[in-house]
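Notes follow once the structure below has been shown.
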Amino acid sequence: MTTRIFFKLLAAFVLVIGVATLTLDLSVRRAWEGSLERELESNLTQKTKLLADSIDHRDKRPIREIAETVARTAGARATVIDSGGKVLADTQANPEEMENHAKRPEFVAALHGAVGSSRRTSHTVGTPFLYVAVPVREGAVRLAYPLSSLQAKMQRVRWHLLLASGLALLIATVLAAILAQALSRRLQTIVSFAERIAAGDLSARIEERSNDEIAHVAAALDRTARRWEQTFAAVETGRKQLETLLNSMQDAVLAVSADRKVEWANGVMQQLAWRDVQANMPLVDIVRDPDFLNAVDEALRLREVRTARANSLLPGSSFNVVVAPIAAGGVVAVLHDTSELERVEKTRRDFIANVSHELRTPLTSIQGYAETLLDATNGVNNREFLEIIRKNAARMSRLTEDLLILAQVESGETEFVFEPVLPSQLLQEAADSLQDKARLAAVEVVLRDCSPKMVSADPDAVQQVLSNLIENAIRYGASGGKVWLGANDLGNSVEFYVQDFGPGIASDHLPRLFERFYRVDKGRSRQSGGTGLGLAIAKHIVRAHGGTIRVESRLNQGSTFLFTLPVAVSPTKVHA
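Here you go:
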């Protein structure tokens, strides 16, 4: 890593320095060569003008002699031509053998009265020259400076510049290497710090004493690491607290991932499982109860809370299971052991059933003998006392009967025979059986709209529910003068209703109305002969049919009791 960073930085520095050096070398060399050539041309122009002036004001000396004198002083070749281009004199060639120069570029300009210049290789001597020509009377003169000496000077200068550039590049490269090594160390420190953070070491720290951009990056990373450490410490503390809380629960808790693997289990779940629970184990290896597994699958698929009852998790134990989805895509399952509660509830039901059985025989005897004595006694006081005994014995007999029925329905001992039956038939039979009581109470029982769909029900059990509700409506809603019966279609179920127009029930009583022995008006209920168990029995019978029961009521506006039964599919025989 260090080598890669170092050589990348060094290559970048060397490239920048090399480009800068090359650019500087080329620009300086070209500027110097251009300046040298311009200076040479200026000097040569001055000397050519001096030659022209010497020829224009010559004495009796020949033109060639004057030309040789100026050429020797200037270190150049001198040429003189007439206005026709004929060479009159030349310091390095025989004029007689030279061709006409009228078309040479520099002479073309000079013969037109201007200063002409040109660079080319001489056809006569075969050497590159800088030519400068100026006009004279009846012709023009020209000095030609050989460029080979200038090129030799330039080559020497180029070589010196190259050496200087190479030396500068070498020194700059050494400095760049030192700087690249320093930057590489700083970057490597940041990389090592980032690797420690990525590996989970949030205690890693980085210090930078500079004030450049790399130092700013290091400081920002250091602050980020400190915040991450604080955040993860808080998360870890919360996780440990949650784990402690879950382990202290009496319920078993199990976290399952989206791919149905165990993520976590508390201590109670570890005790329930038939093998050690470890993370990433398939759920089916821990729990084999099909109802539990189905609830987990549905919660994962539908992302909704699902409940179930697990009876095969432990022999002789049963659990209520609640499975809820979590944000990570998995679910959390909570298993509440209801074995003890069910045992207590069964004991209670058995106690009620046993008490009912034990009380039935003596109460029947008391009631029978009281009625016998009542028929054989003529004394007013004796008859009154015996009537009181008979009434209370009859009430106790009804109470024991209701307790026995309730215990049998709750325990599942009552066998229901489901068959398709019309709602109108059930309602009509119930209304007919209570016509005498309705007539005595001056209440009209009206059968209204009825769904044509057949429901799946045990007719005798549903008759008991309807009779109880209609009898209550007659008894407590007599002031309304009428009771309505009916059944509405709800699609997959039919909703029966019994509506009276009596004084109604206060809203604070409605939630507890179906509890056993709960009375809205205790004195009135006892006076009417009620046991306080009729609505509780009705609730359990409706639930055994797969339906629900509820009540709607307002004071002085009457009450409506409603319960649902499923639409019939086929006759079935089940236990409640």
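Numbering (this note's numbering), first residue to last: 1382 to 1957.
Ideal placement from N, C-alpha and C gives every residue a C-beta, glycine not left out.
If you're wondering where the values come from, they're calculated on a predicted model, not measured in any experiment.
- Task: Consult DSSP for F1882 and reduce its assignment to one of helix, strand or coil.
- Result: Numbered from its first residue, the sequence shown carries residue 1882 at position 501. Here F1882 sits in coil by DSSP.
- Name the residue from L1568, Q1880 and E1610 whose alpha carbon lies nearest to the alpha carbon of H1597. One-based indexing of the sequence shown puts residue 1597 at position 216. Of the listed residues, the one whose Cα sits closest to H1597 is L1568.
- Message: Let me check understanding here. Comparing Cα to Cα, which of L1683, G1862 and S1832 lies closest to S1874?
- Response: As a working mapping, residue 1874 is identified with position 493 in the sequence shown. When only C-alpha atoms are compared, the closest one is S1832.
- According to the neighbour-count rule (16 or more other Cβ atoms, all chains shown, within 10 Å of its Cβ), is N1849 buried or exposed? Here residue 1849 refers to the residue found at position 468 of the sequence shown. Buried is the call here.
- Check whether the Cβ atoms of A1483 and G1466 sit closer than 8 Å, and answer yes or no. Locating residue 1483 in the sequence shown gives position 102, where the first residue counts as 1. Locating residue 1466 in the sequence shown gives position 85, where the first residue counts as 1. Contact: yes.
- Query: Taking C-beta to C-beta, are I1571 and A1606 nearer than 8 Å?
  - Reply: Within the sequence shown, the letter at position 190 stands for residue 1571. Within the sequence shown, the letter at position 225 stands for residue 1606. Not closer than 8 Å, so no.
- Helix, strand or coil: which one does DSSP assign to F1488? On the sequence shown, position 107 is the one that residue 1488 refers to. Here F1488 sits in helix by DSSP.
- Task: Please classify L1946: does DSSP put it in a helix, a strand, or coil?
- Result: Within the sequence shown, the letter at position 565 stands for residue 1946. Three-state result, L1946: strand.
- Can you have a look at R1458 and say buried or exposed, based on whether 16 or more other CB atoms are within 10 angstroms of its CB? In the sequence shown, residue 1458 corresponds to position 77, counting from 1. Answer is buried; the Cβ neighbour count reaches 16.
- Would A1823 be called buried (16 or more neighbouring beta carbons within 10 Å of its own) or exposed? Residue mapping note: residue 1823 aligns to position 442 of the sequence shown, counting from 1. Exposed, by the Cβ-count rule.
- Item | Euclidean distance between Cα positions of A1819 and N1701 | On the sequence shown, position 438 is the one that residue 1819 refers to. On the sequence shown, position 320 is the one that residue 1701 refers to. For A1819 and N1701, the distance between alpha carbons rounds to 45 Å.
- Name the DSSP bridge partner or partners of F1700? Position 319 of the sequence shown, counting from 1, holds the residue named residue 1700. Looking at the DSSP assignment, F1700 forms a beta bridge with A1691 and D1718.
- Item | A1470, enclosing beta strand (DSSP E) - first and last residue | Taking the sequence shown and counting its residues from 1, one reaches residue 1470 at position 89. A1470 -> beta strand (DSSP E) spans V1468 to D1471.
- Query: Quick one: what's got a C-beta closer than 6 Å to S1837's C-beta in the same chain, skipping five residues either side?
  - Reply: As a first step, residue 1837 must be located in the sequence shown, where it is residue number 456. Excluding residues within five positions, the ones whose Cβ falls inside 6 Å are F1799, P1947 and A1949.
- What three-state label does DSSP hand I1922 in the structure shown? One-based indexing of the sequence shown puts residue 1922 at position 541. Residue state, collapsed to three classes: helix.
- With a Cβ-Cβ cutoff of 8 Å, do L1511 and L1492 count as a contact? Within the sequence shown, numbered from 1, the residue matching residue 1511 stands at position 130. Within the sequence shown, numbered from 1, the residue matching residue 1492 stands at position 111. Taking 8 Å as the Cβ cut-off, L1511 and L1492 do not qualify as a contacting pair.
- Message: For R1577, which residues in the same chain have their Cβ closer than 8 Å to its Cβ, ignoring the five residues on either side in sequence?
- Response: The residue labelled residue 1577 in the question sits at position 196 within the sequence shown. The residues are A1585.
- Task: Could you check which residue in A1455, T1454, A1448 and G1456 has the C-alpha nearest to that of V1468?
- Result: The residue labelled residue 1468 in the question sits at position 87 within the sequence shown. Comparing Cα-Cα distances from V1468 to each of A1455, T1454, A1448 and G1456, the minimum goes to A1448.
- Contact between the region 1856 to 1865 and the region 1916 to 1934: three or more CB pairs below 8 Å? no
- Could you tell me if A1615 is buried or exposed, where buried requires 16 or more neighbouring beta carbons within 10 angstroms of its beta carbon? Counting from one through the sequence shown, the residue named residue 1615 turns up at place 234. The residue is exposed, with fewer than 16 neighbouring Cβ atoms inside 10 Å.
- What separation, rounded to the nearest whole angstrom, lies between the Cα atoms of V1665 and A1842? On the sequence shown, position 284 is the one that residue 1665 refers to. On the sequence shown, position 461 is the one that residue 1842 refers to. Those two C-alpha atoms are separated by around 42 Å.
- Message: By the DSSP assignment, the beta strand (DSSP E) with E1800 in it spans what residues?
- Response: Mapped onto the sequence shown, residue 1800 falls at position 419. Here the beta strand (DSSP E) through E1800 covers E1796 to V1802.
- Message: Is the separation between the beta-carbon of A1689 and that of L1635 shorter than 8 Å?
- Response: By one-based count along the sequence shown, residue 1689 stands at place 308. By one-based count along the sequence shown, residue 1635 stands at place 254. Not a contact, by the Cβ cut-off of 8 Å.
- Message: Check for me: the beta strand (DSSP E) holding P1527 runs from which residue to which?
- Response: Residue numbering aside, residue 1527 sits at position 146 when the sequence shown is read from its first letter. It spans G1520 to P1527 - the beta strand (DSSP E) in which P1527 sits, taken as one unbroken run.
- Message: Only counting the same chain, and skipping five residues up and downstream in sequence, which positions put a Cβ closer than 8 Å to that of F1488?
- Response: Here residue 1488 refers to the residue found at position 107 of the sequence shown. The answer, listed in chain order, is I1462, G1466, H1482, G1497, A1514, A1521 and R1523.
- So what does DSSP say about K1642, is it helix, strand or coil? In the sequence shown, residue 1642 corresponds to position 261, counting from 1. Here K1642 sits in strand by DSSP.
- Message: Do A1660 and L1716 have their beta-carbon atoms positioned less than 8 Å apart in this structure?
- Response: In the sequence shown, counting from the first residue as 1, residue 1716 sits at position 335. In the sequence shown, counting from the first residue as 1, residue 1660 sits at position 279. Cβ atoms of L1716 and A1660: not closer than 8 Å.
- Query: DSSP on L1417, reduced to helix/strand/coil?
  - Reply: Indexing the sequence shown from 1 puts residue 1417 at position 36. Of the three classes helix, strand and coil, the one that applies to L1417 here is helix, per DSSP.
- Going by C-alpha distance, which of P1443, S1638, A1558 and I1444 is nearest V1677? Taking the sequence shown and counting its residues from 1, one reaches residue 1677 at position 296. The option with the nearest alpha carbon to V1677 is S1638.
- Message: Let's test the definition: count the other Cβ atoms within 10 Å of the Cβ of D1657 and tell me whether it reaches 16, buried, or not, exposed.
- Response: Numbered from its first residue, the sequence shown carries residue 1657 at position 276. Under this definition D1657 is an exposed residue.
- Between the Cα of L1916 and the Cα atoms of H1926, R1893, G1928 and G1927, which residue gives the shortest distance? As a first step, residue 1916 must be located in the sequence shown, where it is residue number 535. Residue R1893 is the option with its Cα nearest to L1916.
- Item | Proximity winner among G1885, S1546, I1886 and A1525, relative to S1423 (alpha-carbon distances) | Taking the first residue of the sequence shown as position 1, residue 1423 is located at position 42. Nearest option by C-alpha distance: A1525.
- What number of angstroms, rounded off, separates the C-alpha of V1827 from the C-alpha of W1865? Looking up residue 1827 in the sequence shown gives position 446. Looking up residue 1865 in the sequence shown gives position 484. V1827 and W1865: Cα-Cα distance of roughly 5 Å.
- My guess is that S1805 and G1883 are in contact by the Cβ rule of under 8 Å, so how many angstroms apart are they, rounded? For the purposes of this step, residue 1805 is taken as residue 424 along the sequence shown, with counting starting at 1. For the purposes of this step, residue 1883 is taken as residue 502 along the sequence shown, with counting starting at 1. Rounded, the Cβ-Cβ distance is 25 Å, inconsistent with contact.
- Item | Anticipated Cβ contact below 8 Å, T1719 with S1699, distance rounded | Here residue 1719 is taken as the residue at index 338 of the sequence shown, counted from 1. Here residue 1699 is taken as the residue at index 318 of the sequence shown, counted from 1. Right, their Cβ atoms sit about 6 Å apart.
- Query: Distance, Cα to Cα, A1775 vs T1753?
  - Reply: Position 394 of the sequence shown, counted from the start, is the residue given in the question as residue 1775. Position 372 of the sequence shown, counted from the start, is the residue given in the question as residue 1753. Spanning the two alpha carbons is a distance of roughly 14 Å.
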